[in-house]
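Engineer: Residue numbers (our numbering): 4 to 47.
Backbone N, C-alpha and C define an ideal beta-carbon position, used for all residues, glycine too.
Small disclaimer: the values here were computed from a predicted structure and weren't measured.
Pasting a structure below so you can have a look.
Next up, the structure:
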């Protein structure tokens, strides 16, 4: 049985674009998606 992800693929893609384009920080993205900032991985 798999669990439903908190954040969809489309939301993740949007977050990556926002981060790479300098529009949002790791902490801003974490707050927006209601996840702990340590779970926003930036090692891609």
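Suppose you measure from the CA of residue 17 to the CA of residue 44; what does that come to, to the nearest Å?
Structural biologist: As a working mapping, residue 17 is identified with position 14 in the chain shown. As a working mapping, residue 44 is identified with position 41 in the chain shown. The alpha-carbon atoms of residue 17 and residue 44 are separated by roughly 14 Å.
Engineer: For residue 36 and residue 19, which I take to be in contact (beta-carbon distance under 8 Å), what is that distance rounded to the nearest angstrom?
Structural biologist: As a working note, residue 36 is residue 33 in the chain shown. As a working note, residue 19 is residue 16 in the chain shown. Not quite, the Cβ-Cβ distance comes to about 12 Å (not below 8 Å), so this is no contact.
Engineer: Take residue 15 and list the residues in its own chain whose beta-carbon comes closer than 8 Å to its own, dropping the five residues that flank it on each side.
Structural biologist: Indexing the chain shown from 1 puts residue 15 at position 12. Around residue 15: no qualifying Cβ.
Engineer: Helix, strand or coil for residue 9 per DSSP?
Structural biologist: Numbered from 1 along the chain shown, position 6 holds the residue referred to as residue 9. In the structure shown, residue 9 sits in coil (DSSP, three-state: anything other than H, G, I, E or B).
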